[in-house]
Amino acid sequence: MDVLKASPTIVHSPYIPTTTRNKTQFAKPIFHNLNLQLPCYTRNGSKSRLFTTLSSSPISTTESIEPPMPEVEAEVGKERFDWYSQWYPVMPVCDLDKRVPHGKKVLGLDLVVWWDKNENEWKVFDDTCPHRLAPLSEGRIDQWGRLQCVYHGWCFGGNGDCKIIPQAPVDGPPVHTFKKACVAVYPSVVQHDIVWVWPNADPQYKDIITKKKPPYIPVLDDPSFSKLMGNRDIPYGYEVLVENLMDPAHVPYAHYGLMRTRTPTVKVDREGGRPLDMKVKKSDINGFLGKQDWGSSNFIAPCIFHAFADVEVDQENGSATSSEIVKAPPPNRRLSLIFMCVPVSPGNSRLIWTFPRNFGVWIDKIVPRWIFHIGQNLILDSDLYLLHVEERKIMEIGATNWQKACFVPTKSDALVVGFRRWFNKYAGGEIDWKGKYSGALPPSPPREQLMDRYWSHVVNCKSCNTAQKGLKALEVILQIMSVVLIGIVAVTKQNMISVVVKTTMVSMAIVCFAASKWLAHFIYKNFHHHDYNHAFV
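If you read the sequence shown in UniProt numbering, its first letter stands for residue 1, the second for the next number, and so on.
Written out as structure tokens, the structure reads:
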């Protein structure tokens, strides 16, 4: 959601933020097929026509509406999406510390991700010690590379087997070898520099990777592309997160001033909303393909939404532009927008994002990742409260009644409707939590807690966490310098230093103090809490 605008070669997409707006906004961003390997959708049984007509009611709006919208083919069988027979992204490897275990939740399952140095790979265990059910994610990795529960010191190897129970007599029965002393191990794999997990610890799935692999996106393995990643825990559910990312029509309004969008031919308001020609090309249990006037997209169930484009180049100076678009852009310049949406628990989800591109790659090598994350988090914040409240209203009417309650008369909602139909048709309008949750949403926290960045992102991002600590240390140093300078001036006799030196030291003290205050505000606003008021934007 953020590619630095400093480079003249950077294209502005519907999902990439900028901090300025001018008359040279995208005339028509075009997303071309990047020859990505999209999943094959097999069909069995009878077929019927699933219409993407968004409303059969005649209406009058500023947007041109063509009745009805294009049709979409879908199966009518009794297929049911199995949430526990899929691979789920847990975390980018770049944000995992090999020195400590990490507690994560996926599909309501409490997991601990840790580095097994004996086997040189990431492991995913049930985050529960079999002894007294303490969380293993609060433990440590001992000097022998074993995962240790810090409650009573039980240690576990990479296969989940208990290596030692300190309280068991050496000459007694080997109770650590008992099956009940083992920890459940979930199949896991690293693909695209992301740890993936198969959410079923049954031994029959131990080698599931040989039969079914996580979704493969070739561009993420292409070394000529930059692919900085980010992650954030989101205080609204998986389905709301997915449909929001499929909805570019909200960008000029919910993210006004943060993201550059195409200037409409006829501007009906300040923000520049316009008709969008969107449709679902085909849909089945594995997801669907989407087509928009700005490009193509692919929903790979259950987690991945992928949009892809070629970069347009200015004819005069050869740089990416938002005003003049070359009709035949160089085929070797490409950009993708990849979002991975992870169901965590009712009312909570996790977003992992990356925007691989093969131009302006040098920027990512010299600019720290946390700089990008500041803008990306601001975009997430700007519609966070809206979606949190929206989810509760949807829950009140029932997810399966979504289309009856929501009035979606234009083509700009085609992908959102397509996702809701997929969700209702194949998942029954709900995620299978295996009875762990009643389905009710958790109480809404105070707004400041809801908009929190520290616990939802900073502690889970190695780059932002390091930056926050470094800036906090600088703040303290500035405060100390201001006090020391004032102290020196106060204790020094009048005839020992000149008035000029004294004035300079006092001025430096004031500057250091002011800088520390500004830095404290910067740290709080960008790493802890940044509220967003649309009325004053």
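Yeah, the Cβ is synthetic: ideal placement off N, Cα and C, and Gly gets one too. Fair warning: this is a prediction, and the values are worked out from it, not measured in the lab.
By DSSP, does residue i sit in helix, in strand, or in coil?
i    : result
P203 : helix
V124 : strand
S85  : coil
A309 : strand
F359 : coil
S283 : strand
F536 : helix
P446 : coil
Q292 : strand
K267 : coil
D531 : coil
L441 : coil
M278 : strand
I165 : coil
V170 : coil
Q37  : Only weak support is given to the placement of Q37: the predicted model assigns it a pLDDT of 38, under 50, and the value that follows is read from those uncertain coordinates. Coil.
C149 : coil
V458 : helix
M91  : strand
Work out the CA separation of residue j and residue i for me, nearest whole Å.
i    : j    : result
W353 : N118 : 30 angstroms
D126 : Y186 : 7 angstroms
V459 : D233 : 11 angstroms
S482 : H528 : 25 angstroms
K202 : V268 : Correcting the residue identity first, residue 202 is Asp in this sequence and not Lys. Answer to the nearest angstrom: the Cα atoms are 57 angstroms apart.
K517 : E448 : 21 angstroms
L109 : K123 : 15 angstroms
D82  : E391 : 23 angstroms
V476 : H521 : 13 angstroms
C149 : H373 : 34 angstroms
F513 : A490 : 17 angstroms
N86  : A515 : In the sequence as displayed, the identity of residue 86 is Gln instead of Asn. In a straight line, the C-alpha of Q86 is about 50 angstroms away from that of A515.
I285 : G160 : 34 angstroms
F178 : V251 : 56 angstroms
N401 : H131 : 45 angstroms
P248 : R270 : 17 angstroms
Note the first and the last residue of the continuous alpha helix (DSSP H) segment covering residue i.
i           : result
T504        : 499–527
D142        : That residue, D142, is in no alpha helix (DSSP H); it is neither H nor E in DSSP.
S463        : 462–491
residue 584 : As shown, the chain starts at 1 and ends at 537. That puts residue 584 outside it, with no answer to give.
G418        : 414–427
W353        : Looking at the DSSP string, W353 is not in any alpha helix (DSSP H); the run it does join, the beta strand (DSSP E), is 348–354.
W433        : Where W433 is concerned, there is no enclosing alpha helix (DSSP H), given that its DSSP letter is neither H nor E.
K104        : No alpha helix (DSSP H) contains K104, which is instead part of the beta strand (DSSP E) from 102–106.
Could you work out which residue in the options is closest to residue i when comparing CA atoms only?
i    : options                : result
K291 : S85, C129, D233, V416  : V416
L351 : W115, K212, P302       : P302
R333 : A309, N348, T210       : A309
D452 : T503, K469, L380, I194 : L380
H388 : P445, I431, D432       : P445
I480 : H534, C464, A509, L337 : A509
D193 : V489, S226, A440       : S226
K525 : Y454, V195, H131       : Y454
R99  : V499, T265, I141       : I141
R146 : P130, H152, I164       : I164
G237 : A249, R420, N159, S349 : S349
L386 : L241, E271, D277       : L241
L220 : P92, I394, T210        : P92
L335 : G347, D247, S296       : S296
L423 : F288, L441, V113, C182 : In the sequence as presented, Leu is not what sits at residue 423; that position holds Phe. For the residues F288, L441, V113, C182, the minimum Cα distance to F423 belongs to F288.
Locate the beta strand (DSSP E) running through residue i, then write down its first and last residues.
i    : result
R334 : 334–345
W402 : Segment 402–405 is the alpha helix (DSSP H) holding W402; no beta strand (DSSP E) there.
D452 : Careful: D452 lies outside any beta strand (DSSP E) and carries neither H nor E.
W114 : 109–116
Task: alpha helix (DSSP H) runs wholly inside the region 175–250, at least 4 long, in chain order - done: 238–245
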